[in-house]
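Everything on this sheet refers to the single structure shown next.
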Amino acid sequence: MPRFPPSPSQRLTTPRFLLQEDWDNWGWVSLHCLGTFIYADILDYKNLREIVVNNRITWLVHYSALLSAVGEANVPLSRDVNITGLHNILDICAEHGVRIFVPSTIGAFGPTSPRNPTPDLCIQRPRTIYGVSKVHAELMGEYYHHKYGLDFRCLRYPGIISADSQPGGGTTDYAVQIFHDAVKTGIFVCNLKADTRLPMMYIVDCLRATLEMMEAPAETLSMRTYNINAMSCTPEDLVQEVQKQLPGLHIIYNVDPIRQAIADSWPMNFDDSNARKDWGWKHEYELPELVQTMLNFICTNSRLTHSN
Ligand SMILES: NC(=O)C1=CN([C@@H]2O[C@H](COP(=O)(O)OP(=O)(O)OC[C@H]3O[C@@H](n4cnc5c(N)ncnc54)[C@H](O)[C@@H]3O)[C@@H](O)[C@H]2O)C=CC1
Ligand SMILES: CC(=O)[C@H](N)C(=O)O
Numbered sequence: 001m002p003r004f005p006p007s008p009s010q011r012l013t014t015p016r017f018l019l020q021e022d023w024d025n026w027g028w029v030s031l032h033c034l035g036t037f038i039y040a041d042i043l044d045y046k047n048l049r050e051i052v053v054n055n056r057i058t059w060l061v062h063y064s065a066l067l068s069a070v071g072e073a074n075v076p077l078s079r080d081v082n083i084t085g086l087h088n089i090l091d092i093c094a095e096h097g098v099r100i101f102v103p104s105t106i107g108a109f110g111p112t113s114p115r116n117p118t119p120d121l122c123i124q125r126p127r128t129i130y131g132v133s134k135v136h137a138e139l140m141g142e143y144y145h146h147k148y149g150l151d152f153r154c155l156r157y158p159g160i161i162s163a164d165s166q167p168g169g170g171t172t173d174y175a176v177q178i179f180h181d182a183v184k185t186g187i188f189v190c191n192l193k194a195d196t197r198l199p200m201m202y203i204v205d206c207l208r209a210t211l212e213m214m215e216a217p218a219e220t221l222s223m224r225t226y227n228i229n230a231m232s233c234t235p236e237d238l239v240q241e242v243q244k245q246l247p248g249l250h251i252i253y254n255v256d257p258i259r260q261a262i263a264d265s266w267p268m269n270f271d272d273s274n275a276r277k278d279w280g281w282k283h284e285y286e287l288p289e290l291v292q293t294m295l296n297f298i299c300t301n302s303r304l305t306h307s308n
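In this text, residue positions in the sequence shown follow UniProt numbering: the first is 1, and each later residue adds one.
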């Protein structure tokens, strides 16, 4: 078990040298203690440009966004953050020769896309402002690549499951919340139907995929935007796996119609064969390992919190 919080010398370690067990145990928590953090508004173009220039940024990973469910609750803010914010970032990167990674999502597809499986190239007509903004990001990034030579790279993530932060207002939030509630109260209220199948991935695989795609030689990339996948599961599958460890877990299904409609329009299975072929993508975590790792992390953290 790594020391937490990391010592000053550990803080100097770059993410690339973190051990697998560090990721498993502390994940982003370790990363949080490694670098300089500057609060910035993605809509403040001048300030962002100053940060990029003053810190000699060469790679920009652009994660700021409003996710699918919160986006539907505030369309103007979502449009500003997800679309205007992206424009700011693309312009700064193009102007200063900065390479850029932007995550897209299964939410970039819609009810008219093939859902089982969903390939990289097919109809994309999402019905959420989140999905529309992500299709826009994919197309704008690819356009800047062809027009200005911007090194734009993009992965469409499935629902990402991680233990060290609270879910951010997405349709796949249930798959994170279940672990916290299972450990804290033993009761979980699920806002999607038991048989809603969606692609999912553990955060460690997601971060590794991101780094591998960013490091892939340009000539291996036949596309600038790739699907990546690990597993595909329903709330029922997840509940059964968690109950193997915590048999007392009680589930109540209380479906949220907005989230359910979004989930019903998203891919059930994600075809990531191009990522596997072009730059060797391979996931490591299947559902049983994911559940075990999540429960270990949350139980250890809650024991530490109670003993402090
Ligand atoms: N978590 C998931 O399952 C998936 C996430 N993604 C993408 O990964 C990225 C990160 O997602 P999460 O960490 O889950 O979401 P999150 O909601 O936890 O984080 C989004 C971040 O954006 C920041 N933000 C919002 N408005 C801002 C502004 N005006 N200026 C600067 N920052 C602002 C928020 O403070 C927050 O830290 C997003 O682009 C999302 O679309 C894609 C697919 C799946
Ligand atoms: C899959 C995503 O993009 C995100 N977690 C959401 O549910 O909005």
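Virtual Cβ for every residue (Gly too), placed ideally from N, Cα, C.
- In this structure, the alpha-carbon of Tyr-253 lies about 35 Å from that of Cys-154.
- Within the same chain, Cβ atoms closer than 7 Å to the Cβ of Asp-278 are found at Thr-220, Leu-221, Ser-222, the five residues on either side in sequence being excluded.
- A residue is called buried once 16 or more other Cβ atoms fall within 10 Å of its Cβ, and Lys-244, having fewer, is exposed.
- The beta carbon of Leu-287 lies closer than 7 Å to those of Met-231, Cys-233, Asp-237, Glu-241 in the same chain, with the five residues before and after it left out.
- Not one heavy atom of ligand 2 sits closer than 7 Å to the Cβ of Ser-113.
- One Cα belongs to Asn-47, the other to Leu-60, and the distance between them is close to 15 Å.
- The beta carbon of Ser-265 sits closer than 7 Å to the beta carbons of Gly-110, Pro-111, Arg-127 from its chain, once the five residues preceding and following it are set aside; these are given in chain order.
- Per DSSP, the continuous alpha helix (DSSP H) segment holding Pro-76 begins and ends at 75 to 79.
- The C-beta distance from Leu-43 to Thr-84 rounds to 6 Å, short enough to meet the 8 Å contact threshold.
- By the 16-neighbour rule on beta-carbons within 10 angstroms, Phe-179 is buried.
- Residue pairing from DSSP places Ile-252 in a beta bridge opposite Val-189.
- Ligand 1 has a heavy atom closer than 7 Å to the beta-carbon of Leu-43.
- Counting only the Cα atoms, Tyr-63 lies some 15 Å from Cys-93.
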